[in-house]
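J.:
In this note's numbering, the protein residues as written are 1 to 287.
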């Protein structure tokens, strides 16, 4: 259970397929309001029609807030973050993994045409994410069709300001925490990558049908037990959500904003909705 939970946590928060009817909430605070949209970072279909309808109903909105600001995704910034969080300071990937995990990773890399020499100096989490991107591409998932990228394009066309909730370094720091469970993550990930459609379909069906209770049951962060699971939950979701809440409440006192964050940050235990309500915000689902 732990191995499967670790891989699905990474998948649910950092690499998800796009949906036709993303959920939308209005959050009213003592000083203002903002809207919260469930984001899916990769996809197969163009959702600009439904997403344009979402933006059209947000009267007064002129500001888009995403997990990462556009300037965090420049080649120079990404290279610096990869160098710091993705590369091993000493030793090799083989040194970080059990023989079984390293062999499984080698076989999967070969299947995707990735030389192990290319992965030899990277940390386990970065190796898994590299293979995950290849797996998503093999299953025809495209980052350009992710909800966040499609919303960003619509916002830019309307002249909206665009900002972010955290730095790329902070996101990579959260991902790098999974190295504590490197063998479990690798062995689980290898088994799941060729089954992405069947793994994600129940979650997609529940989301498209608006069944939030079902989504909560499917959330991998709600399934695990034990200290390793708790550490993963805290690093990838709980701590980041807690960091975002005061920023969101401050944001609400200024411009009317649409906030776009990943599915896992909303539906899982310690999600943003419950944290915002605990701070006195009124949360209303609009669709």
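Built from N, CA and C at the ideal position, the CB exists for glycine as well. The structure presented is a predicted model; accordingly, all values stated were derived computationally and were not measured.
1. Given residue 38, which residues of its chain have a CB within under 7 Å of its CB, disregarding the five upstream and five downstream residues?
2. When the Cα atoms are used, what is the spatial distance from residue 269 to residue 119?
3. Roughly how far, in whole angstroms, is the beta-carbon of residue 289 from the beta-carbon of residue 101, given that I think they are within contact range, below 8 Å?
4. For the beta strand (DSSP E) containing residue 34, list its first residue and its last residue.
5. Nearest chain D C-beta to residue 260 closer than 8 Å, yes or no?
6. Taking only the alpha-carbon atoms, compute the straight-line gap between residue 4 and residue 159 and give it to the nearest angstrom.
7. Take every Cβ of the region 119-135, pair it with every Cβ of the region 147-166, and state whether three or more of those distances are shorter than 8 Å.
8. Anyone know if the C-beta pair for residue 177 and residue 236 falls short of 8 Å?
9. How long is the line joining the alpha carbons of residue 251 and residue 152, rounded to whole angstroms?
10. Within the same chain, show all residues whose beta-carbon is closer than 8 Å to that of residue 98, passing over the 5 residues directly before and after it, in chain order.
11. So the beta strand (DSSP E) residue 24 belongs to, where does it begin and stop?
12. Would residue 124 be called buried (16 or more neighbouring beta carbons within 10 Å of its own) or exposed?
13. Let me know if residue 240 comes out buried or exposed under the rule of 16 or more other beta-carbons within 10 Å of its beta-carbon.
14. Going straight from the alpha carbon of residue 71 to that of residue 59, what length do you get?
15. Would you call residue 192 buried or exposed, if buried means 16 or more other Cβ atoms sit within 10 Å of its Cβ?
16. For residue 128, report the span of its alpha helix (DSSP H) as first-last.
17. Scan the region 66-123 and note each continuous alpha helix (DSSP H) run of 4 residues or more that stays entirely inside, going in chain order.
18. Residues in its own chain within less than 7 Å of residue 154 by CB, not counting five upstream and five downstream?
19. Please report the straight-line C-alpha distance between residue 80 and residue 173, rounded to a whole angstrom.
20. Suppose contacts are defined by Cβ-Cβ distances below 8 Å. Is residue 29 in contact with residue 281 by that definition?
T.: Quick look at the numbers:
1. 22, 23, 263, 266
2. 34 Å
3. The question about residue 289 has no answer, for the chain in this structure spans 1 to 287.
4. 33-39
5. Looking at the structure shown, chain D is missing, and only one protein chain is on hand.
6. With a pLDDT of only 46 at residue 4, under the threshold of 50, the placement of this residue in the model should not be trusted, and no figure is reported.
7. no
8. yes
9. 18 Å
10. 183
11. 24-28
12. buried
13. buried
14. 27 Å
15. buried
16. 124-138
17. 75-81, 93-96, 99-111, 116-119
18. 48, 51, 52, 55
19. 13 Å
20. yes
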